[in-house]
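Numbering (our numbering), first residue to last: 1 to 291.
Every residue, glycine too, gets a C-beta built ideally from N, C-alpha and C.
Report on the following structure.
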């Protein structure tokens, strides 16, 4: 079974989609697919479907949704049956794919792919490369991880409590990987290449200090010191207006570094902060321009 949730939901068995169009069965499949090969408690599925106000028939209705999913899975399994010949190994049944277990249900991937697991594997590999000072490898690996995303997680699924929480977690993981990939690119001197991307990101995440720090560095290294200082002032205004906060001491030090830099300064790659990933450590030191 091949599973994609980093964008529109797509779950396929033998190449055939088993995703229902009805909203609630689709929610059930999305939560099971995210946690493929692990038991999802009945209580979690009920909370997802009815957000703490389940009807008396909640368990029976959930069982009906599971049966509907099994019908779709069975049709996908049969679809491949005619292609089998000779002494083929015993094929899985729908109940082998979507199992009823004590306390919940389990969707068996059967060794298939999962975009979430692949993203997490690649992101972890990229973070380790960053820690080792392999910025080229980190940039390349994190970019590959980010290519797995085609939109917000569960983009075409109506989300309840559980899926909304998971979608937020996944989106934060995506932002973390993006932050680190840009960090790696800046350390490689690719400030001009990331400028357009950072322009969009700082408009979308208007109070994200590390993205704004990266934007300021990219502008400054591109010879646009005035715009880098403007970016700081815009962030300061937004933080004050929306959150009642001032920029962090680290961001203020970055502003001071840019203010005092000579116009002819040539900026090279920034030395790595050993063992630290800004997106993983609260208030971690952002990149600073070299002088």
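Query, Result
"Meets three-Cβ-pair contact criterion under 8 Å: the segment 54 to 68 and the segment 124 to 137", "no"
"Reduced DSSP secondary structure (H/G/I, E/B, other) of residue 171", "helix"
"Test: residue 122 CB closer than 8 Å to a CB of chain C", "Considering every chain present, this structure includes no chain C. It has just one protein chain."
"Beta-carbon separation (whole angstroms), residue 198 vs residue 30, contact threshold 8 Å", "Incorrect: roughly 32 Å between the Cβ atoms, too far for contact."
"Beta strand (DSSP E) runs contained entirely in the segment 152 to 196, provided each spans 3 or more residues", "none"
"Counted within 10 angstroms of its Cβ, other Cβ atoms place residue 259 as buried (16 or more) or exposed", "exposed"
"The beta strand (DSSP E) enclosing residue 4, as first and last residue numbers", "2 to 4"
"Assigned secondary structure, residue 118 (DSSP; H/G/I helix, E/B strand, else coil)", "helix"
"Contact between the segment 200 to 213 and the segment 223 to 243 (3+ Cβ pairs under 8 Å)", "yes"
"Nonlocal neighbours in the same chain, by C-beta distance under 8 Å from residue 73, ignoring five residues either side", "13, 18, 94, 97, 98"
"Spatial neighbours of residue 23 in its chain, beta-carbon cut-off 7 Å, leaving aside the 5 residues before and after", "158"
"Among 91, 154, 195, the one whose alpha carbon lies nearest that of residue 223", "195"
"Sequence-distant residues of its chain with Cβ nearer than 6 Å to residue 10 (five each side left out)", "4"
"Pairwise C-alpha distance: residue 208 and residue 268", "Residue placement at residue 268 cannot be trusted, given a pLDDT of 40 that sits under 50; the coordinates are not used to answer."
"Chain-order list of residues whose beta-carbon lies under 7 Å from that of residue 76 (same chain, five-residue window excluded)", "13, 14, 16, 18"
"Coarse secondary structure for residue 140, derived from DSSP in three states", "helix"
"Inter-residue CB distance, residue 104 and residue 41 (contact presumed, cutoff 8 Å)", "4 Å"
"Beta-carbon proximity check, residue 144 vs residue 2, cutoff 8 Å", "no"
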